[in-house]
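A short write-up of the structure that comes next.
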Amino acid sequence: MGALASRDLKARCADGLDHCNETWAARKRDLTVESSSRWAGSVTKATHDQWALSRRGQGAYLDSLDAGIRMLCHRLSLPLGEKGGRRQPGGYRSRHEWFVKTRRLHVLEERRAAVAADRDKGVVRVVRGGRKLLNTRHNLDAADLTEAQWREKWESARWFLAADGESGKRLGNETIRVTPDGEVSIKLPAPLAALANAKNGRYVLAAKVTFPHRGAEWADRIEGNRAVAYRIHLDVDRGRWYLDASWTRPVVKTMPLATARAAGMVGVDTNADHFACWQLEVHGNPVGEPRRFFYDLTGTATHRDAQIRHAISRLLHWAKRCGVRAIGLENLDFTAETTREKHGRRKRFRQLISGIPTGRLRSRLVSMAAELDMVIVAVDPAYTSQWGAQYWQKPLATSTRKTTRHDGAAVAIGRRALGHPIRRRTAPPHDDRSDRRGHRTVQAATGDRGREETRRPVTDRALDARSRAGTTRTRATSRASTTVRDARSDQTWVQDPLLLTQLERSHPAGRHQTR
37 MGALASRDLK ARCADGLDHC NETWAARKRD LTVESSSRWA GSVTKATHDQ
87 WALSRRGQGA YLDSLDAGIR MLCHRLSLPL GEKGGRRQPG GYRSRHEWFV
137 KTRRLHVLEE RRAAVAADRD KGVVRVVRGG RKLLNTRHNL DAADLTEAQW
187 REKWESARWF LAADGESGKR LGNETIRVTP DGEVSIKLPA PLAALANAKN
237 GRYVLAAKVT FPHRGAEWAD RIEGNRAVAY RIHLDVDRGR WYLDASWTRP
287 VVKTMPLATA RAAGMVGVDT NADHFACWQL EVHGNPVGEP RRFFYDLTGT
337 ATHRDAQIRH AISRLLHWAK RCGVRAIGLE NLDFTAETTR EKHGRRKRFR
387 QLISGIPTGR LRSRLVSMAA ELDMVIVAVD PAYTSQWGAQ YWQKPLATST
437 RKTTRHDGAA VAIGRRALGH PIRRRTAPPH DDRSDRRGHR TVQAATGDRG
487 REETRRPVTD RALDARSRAG TTRTRATSRA STTVRDARSD QTWVQDPLLL
537 TQLERSHPAG RHQTR
């Protein structure tokens with residue numbers, strides 16, 4: 037089946053953009069002659085998915101090249117030594133660096149032209165078994181592998197033993213069937229029908245399988261004869277065979293924002309190695325202690341994906357125990373930030389933002405949250421880390437709790453998801469100068485008038501005059517000075533000879549008769 041899958045992928049890549057239903061049917065008929073109609077359908081479906089994945093990867097690579105070219109053109113247009121801002125970098129520091137970057141620009145433009153030409157023609161580059169494993173063949177010593185070990189990995193990666201589910205068929209799959217007690221049977225292709233050890237040309241495996249993860253949900257599906265897809269593969273390192281079951285989940289239902297906010301929110305700050313989380317009540321106040329869920333994104337793609345799923349599972353179950361129904365998350369996108377043309381010398385920073393699993397995290401978190409009847413509220417990531425560290429890190433720290441800037445960012449994200457301002461209520465102004473700190477926007481509600489204006493001083497007579505515009509004055513304007521220094525000399529101070537307490541004793545019922 038692996039040989040048939042390789043040949044079908046070659047035919048699909050040759051069709052390119054000329055693919056249509058007729059070419060698909062022709063390929064399926066050719067595979068049916070050598071195997072069976074069900075196996076042919078599984079092979080062509082896998083081929084289409086692999087071609088589409090390569091096509092999407094080609095588009096993403098083209099976008100990264102465009103981002104690099106734009107950044108190079110911007111920096112080359114600036115004078116040498118020009119300082120940059122927060123959003124855009126400055127010019128290059130030396131004439132030599134400027135010259136090297138011009139050569140880099142020509143290289144990227146040539147690459148983009150080649151990729152764009154392939155995309156217009158529908159040409160994709162696909163390696164069954166993986167390009168990384170293919171290149172390992174030329175570096176066996178560095179990979180600590182012998183040729184026989186590499187050959188075993190290569191052949192197992194190119195095998196094909198998978199079948200899509202069929203609704204209405206017995207146990208949800210006619211090609212690879214798994215009974216409730218774990219018995220696995222395979223419908224053999226026509227050339228291998230003589231090897232069948234059961235009825236109707238089926239081969240029953242000696243070992244049985246179990247599904248410790250979502251086993252009850254799998255059992256419900258096969259009992260209702262709903263579609264379940266299976267894939268059998270060999271793990272060469274462990275020397276074990278595995279059977280994976282998968283099925284399509286229903287469309288994720290949306291929830292009104294007011295309903296999601298009714299029980300509070302859990303703010304989540306995504307970092308390169310952990311999730312920083314904090315529960316917030318409905319008014320935006322942090323509740324309890326901050327939580328951190330760590331993961332390790334080194335190693336193989338399978339290991340990284342497992343780490344993300346494990347961290348998300350712990351996060352969702354903790355949020356469920358807190359009693360909230362929504363999780364606030366930043367809508368991160370580092371497509372233009374990960375290019376090395378913007379942060380050329382800051383290699384560690386580039387590795388940091390490249391290591392944050394933004395795309396995979398969103399897809400995993402949304403699908404896994406739907407299983408627990410929870411929703412994800414995506415917010416704007418602008419200034420969440422900066423304001424979180426400025427307004428929430430220090431006030432939330434205690435003698436027994438040390439908070440980080442990531443914990444403050446989690447509070448900021450949660451408050452923004454709840455619709456509250458991120459910045460805390462500022463301290464009262466100083467007594468000597470009430471306007472020293474300027475206007476205090478965060479103390480006003482969102483709908484208040486004049487929220488973005490400067491705060492009116494208490495002694496603002498000009499504003500009082502503007503408010504009385506168009507009215508008739510009832511008395512003349514006083515020319516008395518407003519300061520003690522300019523007070524008139526004919527005025528004298530008179531002090532009452534009796535203290536206030538003595539007056540109160542003599543007239544206990546007429547306190548306000550004295551002035």
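Residues 37 to 551 (the working numbering) are what the sequence shown spells out, left to right.
The beta carbon of each residue, even a glycine, is placed where N, CA and C say it ideally should be.
Computed from a predicted structure; not experimentally measured.
- In the DSSP assignment, V214 is bridged to V220.
- Scanning its chain for C-beta atoms nearer than 8 Å, with the 5 sequence neighbours on each side dropped, one finds around A232 the residues L224, R238 and Y239, in chain order.
- The alpha helix (DSSP H) runs of length 4 or more contained entirely in the stretch 144 to 175 are, from start to end of the chain, 167 to 172.
- Non-local beta-carbon contacts of A76 in its own chain, meaning distances under 7 Å to residues more than five positions away in sequence, involve K64, L67 and T68 in chain order.
- Out of G364, E145, R111 and S403, the CA that lies nearest to the CA of L293 is found in G364.
- Residue nearest to R140 within the set H132, L108, R43 and L170 is L108 (criterion: CA-CA distance).
- Proximity to H84 across S71, A96 and D51 peaks at D51, based on C-alpha coordinates.
- N57 and G218 have their C-alpha atoms some 37 Å from each other.
- Look at Y278 here: in three-state DSSP terms it is strand.
- With the rule of 3 Cβ pairs closer than 8 Å, the stretch 440 to 450 counts as touching the stretch 317 to 330.
- Following the DSSP letters along the chain, one finds L270 inside the beta strand (DSSP E) bounded by residues A265 to D271.
- Taking every protein chain shown into account, the CB of V287 has fewer than 16 other CB atoms within 10 angstroms, so this residue is exposed.
- Under the 8 Å Cβ criterion, the stretch 185 to 194 counts as touching the stretch 153 to 173, having at least three qualifying pairs.
- Close CB contacts of V151 within its chain, under the 8 Å cut and outside five residues either way in sequence, are with Q94, Y97, L98 and L101 (chain order).
- Residue nearest to G335 within the set F329, A265, I344 and R328 is I344 (criterion: CA-CA distance).
- Boundaries of the alpha helix (DSSP H) around V447: R441 to L454.
- The Cβ neighbour count for D280, taken over all protein chains shown within 10 Å, is under 16; the residue is labelled exposed.
- Three or more Cβ pairs closer than 8 Å define a contact, and the stretch 258 to 266 meets that threshold against the stretch 197 to 213.
- By the C-beta criterion, the stretch 404 to 414 is judged to be in contact with the stretch 350 to 363, since at least 3 inter-stretch pairs fall below 8 Å.
- Within its own chain, the residues whose Cβ lies closer than 7 Å to the Cβ of R91, once the five positions on either side in sequence are excluded, are V160, listed in chain order.
- Going by beta carbons, K137 and L116 fall outside the 8 Å limit.
- In this structure, DSSP gives P227 a helical state, which the three-state scheme calls helix.
- The beta carbon of G201 is closer than 7 Å to those of G208, N209, A263, V264, A265 and W283 in its chain, skipping five residues each way along the sequence.
- For K289, there is no enclosing alpha helix (DSSP H), as DSSP marks it with neither H nor E.
- A residue is called buried when at least 16 other Cβ atoms come within 10 angstroms of its Cβ; E259 does not meet this threshold and is exposed.
- In chain order, R63 place their CB closer than 6 Å to the CB of A47, counting only its own chain and leaving out the 5 sequence neighbours on each side.
- For A50, the enclosing alpha helix (DSSP H) starts and ends at G38 to D51.
- The beta carbons of E317 and G300 sit closer together than 8 Å.
- Going by beta carbons, L454 and R297 fall inside the 8 Å limit.
- Judged by beta-carbon spacing, V245 lies within the 8 Å limit of V220, meaning their Cβ atoms are closer than that value.
- With contacts defined as CB atoms closer than 8 Å, E70 and P216 fail to qualify as a contacting pair.
- Residue environment: F196 is assigned as buried (16 or more neighbouring CB atoms within 10 Å of its CB, all protein chains considered).
- Boundaries of the beta strand (DSSP E) harbouring W314: H310 to L316, taken from the DSSP string.
- Within the DSSP secondary-structure output, D85 pairs in no beta bridge.
- Its Cα nearest to that of K289, the residue S403 stands out among W277, L53, S403 and A337.
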